[in-house]
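Top line first, the protein sequences correspond to chains A, B and C.
Residue numbers for the first sequence follow this note's numbering, so the first one is 709 and each next one is one higher.
Residue numbers for the second sequence follow this note's numbering, so the first one is 709 and each next one is one higher.
Residue numbers for the third sequence follow this note's numbering, so the first one is 709 and each next one is one higher.
Heads up, the thing below is written out as structure tokens.
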Amino acid sequence: MTRTARELANYLGANLHGDSSVPISGVAGPDRAQAHHLIYLDSPRHEERAARSAALCVLVKPGTRLTGKTILELADPKFSFVKAAQWLMPEPEPRPTVHPTAIIAADANIAGRVSIGPYVVIEEGAEIGANTTIEAFCFIGRGARIGEDCRLHPRVTLYAGVRLGNRVAIHSGSVIGSDGFGYVFGDGRYWKFPQIGTVTIGDDVEIGANSTIDRGSLDATEIANGVKIDNLVQVAHNVRIGEHSVLAAQTGVSGSSTIGKRVTVGGQVGIADHCTLEDGAIAGAQAGIPTGKTIRSGQVVWGTPARPLEKFKEQYAWFARLPELAARIRRLEEGTPK
Amino acid sequence: MTRTARELANYLGANLHGDSSVPISGVAGPDRAQAHHLIYLDSPRHEERAARSAALCVLVKPGTRLTGKTILELADPKFSFVKAAQWLMPEPEPRPTVHPTAIIAADANIAGRVSIGPYVVIEEGAEIGANTTIEAFCFIGRGARIGEDCRLHPRVTLYAGVRLGNRVAIHSGSVIGSDGFGYVFGDGRYWKFPQIGTVTIGDDVEIGANSTIDRGSLDATEIANGVKIDNLVQVAHNVRIGEHSVLAAQTGVSGSSTIGKRVTVGGQVGIADHCTLEDGAIAGAQAGIPTGKTIRSGQVVWGTPARPLEKFKEQYAWFARLPELAARIRRLEEGTPK
Amino acid sequence: MTRTARELANYLGANLHGDSSVPISGVAGPDRAQAHHLIYLDSPRHEERAARSAALCVLVKPGTRLTGKTILELADPKFSFVKAAQWLMPEPEPRPTVHPTAIIAADANIAGRVSIGPYVVIEEGAEIGANTTIEAFCFIGRGARIGEDCRLHPRVTLYAGVRLGNRVAIHSGSVIGSDGFGYVFGDGRYWKFPQIGTVTIGDDVEIGANSTIDRGSLDATEIANGVKIDNLVQVAHNVRIGEHSVLAAQTGVSGSSTIGKRVTVGGQVGIADHCTLEDGAIAGAQAGIPTGKTIRSGQVVWGTPARPLEKFKEQYAWFARLPELAARIRRLEEGTPK
């Protein structure tokens, strides 16, 4: 879709300086942009790069000028860039089509305008909502339910009974609804605790590639609306994740832990079982949160076992000075403190 | 299968109090249970939740009473719950069927009563034991051997030559027998060390979703009977894991390390190469065990590099008090120790 | 292929002692080797194991002798063993064949002598170079380009537009080109930042099983020639990895970080966003490198946050002695320093 700089300024609510007739048909980074691409600049550090770009139209913070460019002034150029990208380059409508190699159970309930790729398997009683795209090699287990406007990239597995809301995107290789890891040791071996719960995923959730979300043992694993989960993340049985929380890559959440709303979890964080991260908590990358621990609302933690960030940093700074502290103790013992 | 409370009490060896004729047809958690579901209670903390449950029959520790419920007294209610679940809700027998889209080499050896799902590929010389279920999109490489009563969930890859025992379950997306990560640097580039060994997996092993187990370089990677491996776990070439050991999610075991029997490895643990964890050792979550290290039988370790748990905890407590220790040293230096 | 010990000695440039007519047809580890297998010995520690082996021919360091064996003396027996393995046991030429169940877009560009397995999907405009093998269940997205002599093991996903060089091997379950994890929070929810870049992978790259490499957001994620990536590794959007660098299992590299040439990254390392690891840097297992940090050329780091290895070891040694240091401070305060 091609728009003029003026149309884009109106859409975003921006102040325009320069040639308002410049045509814009997409977004790009400054180095790869062509004349008709929109770019953004949100830090003086990148001003030269923006100036050198072939792009003719730039989103900037108020007061910024770039010679020869059409300037759109906005309080948050990056956020406006995202909005512009979605406006200029909407996701292509899926072609409503069912590939002849898809194996779909006779009693599966497939809504209108769905796109089902080659070699998809949809089992008995599954439901697929309107406008949803299921790409090649996806497996939709018995009785699983997928909402509207979802997109499952190739090679996604939904075990039986799993439920997805609307506008859910799942990347290639992820597995939703596998058995939780629960055993009871007795009579010299492990007995498997029943893993007969399910997984419920809300609306507007995105899940990266090769992540795993286990079904609840007796109850459900619950992912609320707007949650974003990166690649290679593990979510164990009975975990609950609140609205608009974000989990970065390779993080693991153990059984029965609860993550509140708008929580931010960095990469490679380990959250043990029965923990609680209250609303707005932040766990820094590689943090380790021990069994049963509660992280208070808005608290920022780091380290293993996790501690408030400022405390951890102060302690870690002294950790670096341990050889010096030890030498000072020795001098005190020797009676030569300086 | 529906049983009376009396029949269940007899099966489990429980003391029954209350109405022995209550019908029981499955297990559930207290909140979701219906009248005919069995629940369990193993802590006074959850007594109210059990009392409120619609379930009519509860497994409890000796001496517990719940008004209006049929009570089965047992030393270990949770373990008995697991036994009851398996008795009341046995895994459905797979329907012995081979989907017409499965591609099976002419010389593959498929026993009776196997179930092979759609779009399965089974290569030359592979063997599948009786009563085994291979779900959609599984790939069974040349000469791989699978025992009896196994279940491969959708999208499992067995590379050529891999061997599974009986009653092995592998969850979706796991890869068994990929090449180990071994290179020798020479002449300005990495040369791949031969990765021509195999993987042998014993009986009663369960492997989670999206885990990876590499083949041995020259010998075999060996997983003994009863081992349980969670999701996203990495087991490198030539690793050996002893009977009834358990590895939680996202743990990695590097090349040629040996894990004994009944070892417990927490989540996100890193075990470097050529380590030994003796029988019954326990590595806490996120522990890091350096190259060549031995963890003695029954020892519990934590931290990176891993240390005995009690020592690590004591040291970490002092770590938290480092700012205070530093201030005390300063006061000593200034001659004002208090 | 069978060769005599003499032919092998000539090929490797080795000094031969013993029977030069011994036939050799492959390599093995000492315990499993048969008479006609080549083994190597590079440490006196393993001499007895080599002596007991059924193998008749052994690669050794100069000066080593083993009774009854044909000895090939070389400066680096392990490296020569690798070369010998590749010479004696070359990868079998793929049978150029396209399985009838492969679904290949009419305008895909498939070179000669390629092998395409069952249930492969190749979308519009994709290109596959000569002599390349694509195994079962691989998905090659629209416009993806694969060079010559590549091997994609079963169940690899290449998203649209991804480019691979020549002699690239990707193991089962890996996903190349999934959307990066980039969102902007505004108006009470996360908006997805455009993830419209691509992934370019050079020549001679090997990628393990179930790893994930995200496409660039606006630019490209770039993996240079000769890079080796282990299993379950995460490479985020816009990351660049230089020639001949090595990343061990379960390591994660966050967005826009740059890894130089011949860098070694241990297992479970976390590299935050916008980091730089200069040429030849080494990050020990489980190290955590914080946002924006630079690791200088040739530096070895460990710990979280990562520090130079020697410093970290010294500090960690004192960490272990913290209880003792605290006791010494107390004695100083009490006026009884010894």
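Ideal placement from N, C-alpha and C gives every residue a C-beta, glycine not left out.
Asked, Found
"Start-end ranges of the beta strand (DSSP E) lying completely within the segment 953-1006 of chain B, minimum 3 residues", "none"
"6 angstroms CB neighbourhood of B:Asn933 in its chain, flanking five on each side removed", "Gly910, Asp911, Asp912, Glu951"
"Distance, B:Pro1031 Cα to A:Gln1007 Cα", "21 angstroms"
"Members of the segment 754-786 of chain C that neighbour chain B once the beta carbon cut-off is set at 9 angstroms", "Asp784, Lys786"
"Identity of the residue in B:Ser761, B:Gln742, B:Ala713, B:Gly888 nearest B:Ile682 by Cα", "In the structure as shown, chain B begins at 709 and stops at 1046. Residue 682 of chain B is therefore absent and cannot be evaluated."
"A:Val903 - DSSP class collapsed to helix/strand/coil", "This sequence places Gln at residue 903 of chain A; Val is not what is there. Here A:Gln903 sits in coil by DSSP."
"Under the three-state DSSP convention, the category A:Ala1034 falls into", "helix"
"Given A:Glu831 as reference, the closest of A:Ala819, A:Asp815, A:Thr840 once Cα atoms are compared", "A:Asp815"
"Cβ contact check for the segment 951-960 of chain B and the segment 927-942 of chain B: 3 or more pairs under 8 angstroms", "yes"
"Length-filtered (4 minimum) alpha helix (DSSP H) runs lying within the segment 726-767 of chain C", "755-760"
"With 16 other Cβ atoms within 10 Å as the buried cut-off, status of B:Lys1021", "exposed"
"Meets three-Cβ-pair contact criterion under 8 angstroms: the segment 751-767 of chain C and the segment 850-868 of chain B", "no"
"Residue interval of the beta strand (DSSP E) (run including A:Phe893)", "891-894"
"Cut-off 8 angstroms between Cβ atoms - residues of its own chain near A:Glu856, not counting five sequence neighbours on either side", "Ala819, Gly837, Ala838, Asn839, Thr840, Asn874, Arg875"
"Where B:Leu780 sits in the DSSP three-state scheme", "strand"
"Per-residue burial, B:Ser919 [other beta carbons within 10 Å of its own, 16 or more giving buried]", "buried"
"Residues that C:Asn817 bridges to, as DSSP identifies them", "C:Glu835"
"Closer than 8 angstroms at the beta carbon, the chain C residues around A:Arg740", "Leu926, Asp927"
"7 angstroms CB neighbourhood of B:Lys777 in its chain, flanking five on each side removed", "Gly726, Leu764, Cys765, Val766"
"Outcome for A:Thr1044 when other beta-carbon atoms lying within 10 angstroms are tallied against a minimum of 16", "exposed"
"Short Cβ contact (8 angstroms threshold) for B:Thr1002 with B:Asp981", "no"
"Exposure of C:Phe901, with buried meaning 16 or more beta-carbon neighbours within 10 Å", "buried"
"Cα-Cα separation, A:Gly974 to C:Gln903", "20 angstroms"
"Three-way DSSP call (helix, strand, coil) for A:Val1077 in this model", "No statement about residue 1077 of chain A is possible, as the shown extent of chain A runs from 709 to 1046 and does not include it."
"Among B:Ile915, B:Pro785, B:Arg760, the one whose alpha carbon lies nearest that of B:Tyr717", "The question names Tyr, but residue 717 of chain B is Ala in the sequence shown. Nearest of B:Ile915, B:Pro785, B:Arg760 to B:Ala717, Cα basis: B:Pro785."
"B:Val883 - partner residues in DSSP beta bridges", "B:Thr865, B:Thr920"
"Rounded straight-line distance, which links the Cα of C:Phe1027 to that of A:His745", "55 angstroms"
"Own chain, CB closer than 7 angstroms to A:Lys936, minus 5 neighbours either side, in chain order", "Glu914, Val954"
"Burial state of C:Ser964 (16 or more Cβ within 10 Å)", "buried"
"Anticipated Cβ contact below 8 angstroms, A:Asp922 with A:Ser886, distance rounded", "5 angstroms"
"Delimiting residues of the beta strand (DSSP E) encompassing C:Ala944", "Note, C:Ala944: premise wrong, no beta strand (DSSP E); not H, not E."
"Exposure label - B:Gln742; buried when at least 16 CB within 10 Å", "exposed"
"Beta-bridge pairing of B:Phe847 - partner residues as DSSP gives them", "B:Val829, B:Thr865"
"Within-8 angstroms CB hit, C:Ser751 to chain B", "no"
"Cross-chain neighbours of B:Ser729 in chain A, by beta carbon under 8 angstroms", "Those within 8 angstroms of B:Ser729 in chain A number zero; the least Cβ separation is about 24 angstroms."
"Residue range of the alpha helix (DSSP H) that includes C:Glu951", "Premise fails: C:Glu951 is in no alpha helix (DSSP H) and is neither H nor E."
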